[in-house]
Amino acid sequence: MKTYSIGRDLNCDIIINDSTDVISRRHALLNVTPSGKMTIIDQSSNGTYVNGIRISQNVPVPVTRKDIVSLAHVAKLDWDQIPRSNQWIRYVIGAIAAIAVILGIIFGVKSLNSKDDNNHSDIQSPVELNDSTLIKQKEAARLDSIRNVERQDSIKKVEEKARQDSINAANKDKTVRKKDTGKSNSAGKGKEDSDKSKDDKAGKQKERAII
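Counting in our numbering, the sequence shown runs from 1467 upward without gaps.
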């Protein structure tokens, strides 16, 4: 804590010029704490006034730079002679530290959330597993249906081919039979012609013998 002495004595920190000797040699003390709080202590014979009110002697009274401090109503305390404390520096440092802590917490939470999201993405929920299983089952059923249709088409093709082969075989049979029938007819006709020729020859021979 810094203490400033106020009076007309040349050894005071804040010297008040007074030729009437109304202001005491050591009229008052001003105490300033590191945080910037101030108190004034009256040590005079003619009194010290804060905002027009005389304060008790040797009793610390809180004051600020906005207060009017009068010394025996002869002179006023010039606040510009009181060095300002480095309180604002402390405030700035405190604010920076607070911001750093807040940012650290925010980034830490984001990092944890990111890790949780990654873990959740790796682990499928029961609903997702059920959906995946259902999709697989539907796909398997669709493939089975396609295979069944292909199998039926294949069976139809085999049956159609067998039917066509049967028809071709029957037609071939008919053709062979026709050929065989034609040959037999031709052979029978040839025999008849041969027998007729023989009969004709025999009749001619008989006629010649009779003549």
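Virtual Cβ for every residue (Gly too), placed ideally from N, Cα, C.
Since the structure is predicted, the reported quantities are computational estimates derived from the model, not experimental observations.
Point to revise | At least 3 beta-carbon pairs within less than 8 Å: the segment 1564 to 1580 vs the segment 1518 to 1534 | key: Cβ pair count under 8 Å is below three, so no.
Any idea if G1473 is buried or exposed, counting beta-carbon neighbours within 10 angstroms, 16 or more meaning buried? The residue is buried, with at least 16 neighbouring Cβ atoms inside 10 Å.
Three Cβ pairs or more, each shorter than 8 Å: is that satisfied between the segment 1556 to 1566 and the segment 1531 to 1548? Three or more Cβ pairs closer than 8 Å define a contact, and the segment 1556 to 1566 falls short of that threshold against the segment 1531 to 1548.
Query raised in the report: Is Q1523 helix, strand or coil when you go by DSSP?
Result: Strand.
Worksheet entry | Same chain, Cβ closer than 6 Å to K1542, five either side skipped, listed in chain order | Hits under 6 Å: S1536.
Report, in whole angstroms, the separation of the C-beta atoms of R1491 and D1479, which I expect to be a contact under 8 Å. Actually they are not in contact, since the Cβ atoms of R1491 and D1479 sit about 13 Å apart, beyond 8 Å.
- Query: Out of A1494, K1604, S1501, K1503, which has the shortest C-alpha to C-alpha gap to I1521?
  - Reply: Cα-wise, what sits closest to I1521 is A1494.
Exercise. Return helix, strand or coil for K1542, following the three-state DSSP convention.
Key: K1542 falls in the strand class under three-state DSSP.
Item to check | Per-residue DSSP class, three states only, for K1468 | outcome: Strand.
message: At the level of alpha carbons, what is the spacing between A1636 and A1628?
response: Cα to Cα, the separation comes out at about 12 Å.
Quick one: using the 10 Å Cβ neighbour count with 16 as the cut-off for buried, is T1641 buried or exposed? Classification of T1641: exposed, given that the 10 Å Cβ count is below 16.
- Report all residues from its chain with a CB closer than 6 Å to the CB of K1468; omit the five preceding and five following residues, and keep chain order. Result list for K1468: V1498, in chain order.
- [ ] Pull up the distance between the alpha-carbon of P1500 and that of I1489, whole angstroms please.
- [x] Going by the C-alpha atoms only, they are around 29 Å apart.
> When we look at the beta-carbon of I1506 and count the other beta-carbons within 10 Å, is it buried (16 or more) or exposed?
Replying inline: With 16 or more other Cβ atoms within 10 Å, it is buried.
Could you tell me if D1508 is buried or exposed, where buried requires 16 or more neighbouring beta carbons within 10 angstroms of its beta carbon?
-> Looking at its Cβ environment, which holds 16 or more other Cβ atoms inside 10 Å, D1508 is buried.
Worksheet item: Mapping DSSP to helix, strand and coil, what is D1619?
Response: The answer is helix: DSSP assigns D1619 an H, G or I state.
**Study point:** Candidates V1540, V1558, L1496: closest to D1487 by CA position
**Key:** Comparing Cα-Cα distances from D1487 to each of V1540, V1558, L1496, the minimum goes to V1540.
What would DSSP say about D1487, mapped onto helix, strand or coil? Taken through DSSP and simplified to helix, strand or coil, D1487 comes out as coil.
Item checked: N1517 versus N1524: straight-line alpha-carbon distance, rounded -> The C-alpha of N1517 lies about 18 Å from the C-alpha of N1524.
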